[in-house]
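Taking it in order: structure first as structure tokens, then the write-up.
Numbering (my numbering), first residue to last: 21 to 474.
Spelled out as structure tokens, the structure:
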């Protein structure tokens, strides 16, 4: 990837040329780092942003890539020459000339410290390069539109390395495309005290990703004719005061009228709206689904999931209540307090079917792959589960339709851990992020990785 083709080099030169047109002084926070694939570029005048346009220096880009730079003082024209390419710009004009063709500029180039600066994006697109803004780090990636998956993988891995170095990510990342694993790597410590690093099979509390497995469990029982999604709760727990009003389907789609959490027994839950008329995310609702699974199957929730999901698809690093497992195989959970990592824990089993499971990135990828087969559910039932039924919720999963396919995802957060899985059928991507640092915005990191891989 570091052996950049001449066209790529030339393209980058344009990119920097466009970026450097900012007049004035940008603060350090507004100065993006620019990468050609994985190579960080340096400039005499730093890239800068004005009115939403990124400008980059023409000369430093050209010379750093081995191209010849010409300056015509009479018409104040800067020209970059190389690889049968010619790009010229005359200061104070609103166009540039590429291989004899005039291209108007939407953002006029500027001069800073006698350096020509050009708007990056429009030039990059002309030369068939993608400009990728990474929201998490504020970096800019310049990548050939025809970049291979190998190059994209290296760019994504380097991005995660930078996040680890700046303490913005600690955990495991797994990325797959078109059913091929691109990479699965650990970042930072699973156990800081022991000096043990995270690996793709390290166990993490997955919090609300548990809900996806609860959804699968309910639909398995429906396939076995042991329940119907239209059943009301009174079929299983007739003593509950709301039992005749609430259906299994409403519990699955967070439309049952339940509050976010329960503070006592299930009989003490007070409905906060008429079931089926609104939607509020509810851990309490999924905890009740776990009790229904136990009632119908005759097994404790954790045994049911182990027998009918984990064992079926060889999820050997998954189970219930991470605190009950060997410390040597799992991550410790941490919070940052006063700029220090502090271990935190809780009774994870209390989350039940709403968030009590643990897993590894590799095991969650096995789950992703199984949903493309009929190992756990029939294709018809899987399609029903991964379809929006109310708002963005399917049965256990969030679902977002696009013109070219579905995106299904789940995110979780609990004491010391955050988790994220995103399955983009439209692009053929699977992304899994598990962190043993609390309160990490894994969705933002995931979207940046997806921008690179796509």
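No residue lacks a Cβ here, since even glycine has one placed at the ideal position from N, Cα and C.
Quick one: Cα of residue i to Cα of residue j, how far?
i           : j           : result
residue 144 : residue 74  : 12 Å
residue 150 : residue 450 : 21 Å
residue 433 : residue 108 : 52 Å
residue 104 : residue 389 : 47 Å
residue 334 : residue 401 : 21 Å
residue 377 : residue 211 : 20 Å
residue 198 : residue 262 : 45 Å
residue 98  : residue 59  : 25 Å
residue 464 : residue 258 : 43 Å
residue 174 : residue 380 : 22 Å
residue 161 : residue 183 : 15 Å
residue 43  : residue 131 : The predicted position of residue 43 is uncertain, since its pLDDT is 32 and thus under 50; no value can be drawn from it.
residue 61  : residue 313 : 56 Å
residue 299 : residue 247 : 23 Å
residue 439 : residue 81  : 40 Å
residue 141 : residue 447 : 23 Å
residue 252 : residue 410 : 18 Å
residue 118 : residue 124 : 11 Å
residue 229 : residue 165 : 34 Å
residue 200 : residue 385 : 11 Å
residue 328 : residue 337 : 15 Å
residue 472 : residue 431 : 21 Å
residue 361 : residue 96  : 56 Å
residue 291 : residue 470 : 39 Å
residue 192 : residue 90  : 48 Å
residue 21  : residue 138 : Bear in mind that a pLDDT of 42 at residue 21, under 50, signals an unreliable position, so the model cannot answer this.
residue 111 : residue 148 : 24 Å
Can you name the start and end residues of the beta strand (DSSP E) that residue i belongs to?
i           : result
residue 425 : 425-434
residue 210 : 209-211
residue 194 : 191-197
residue 88  : 88-92
residue 355 : 354-357
residue 150 : 149-154
residue 162 : 159-164
residue 303 : Element bounds for residue 303: not the beta strand (DSSP E) but the alpha helix (DSSP H), 303-317.
residue 440 : 437-444
residue 56  : 54-56
residue 449 : 449-455
residue 69  : 68-70
Would you call residue i buried or exposed, if buried means 16 or more other Cβ atoms sit within 10 Å of its Cβ?
i           : result
residue 370 : exposed
residue 243 : exposed
residue 478 : Past the boundaries of the shown model lies residue 478; the chain is included only from 21 to 474, so the question cannot be answered.
residue 214 : exposed
residue 322 : buried
residue 133 : exposed
residue 77  : buried
residue 11  : Any question about residue 11 goes unanswered here, given that the chain covers just 21 to 474.
residue 169 : exposed
residue 368 : buried
residue 442 : buried
residue 421 : exposed
residue 122 : exposed
residue 413 : buried
residue 280 : exposed
residue 417 : buried
residue 274 : buried
residue 217 : exposed
residue 366 : exposed
By the DSSP assignment, the alpha helix (DSSP H) with residue i in it spans what residues?
i           : result
residue 403 : 399-405
residue 178 : 169-185
residue 242 : 230-243
residue 471 : 462-473
residue 322 : 321-325
Would a check of beta-carbon distances place residue i closer than 8 Å to chain B?
i           : result
residue 404 : Any reference to chain B falls outside this structure, which holds one protein chain only.
Using DSSP bridges, identify the partner residues of residue i.
i           : result
residue 129 : Residue 129 is not bridged to any residue.
residue 206 : 192
residue 108 : 99 and 117
residue 363 : 354
residue 413 : 410 and 418
residue 297 : Looking at the DSSP assignment, residue 297 forms no beta bridge with any residue, so it has no partner.
residue 339 : 378
residue 268 : Paired residues: none, contrary to the question.
residue 137 : 77 and 130
residue 123 : 116
residue 252 : 267
residue 225 : 378
residue 200 : 197
Cβ pair count under 8 Å reaching 3, the segment 448-458 against the segment 218-225: yes
Three or more C-beta pairs below 8 Å linking the segment 51-58 and the segment 151-171: yes
Stretch-stretch touch, CB-based, cutoff 8 Å, three pairs: the segment 301-317 with the segment 269-287: yes
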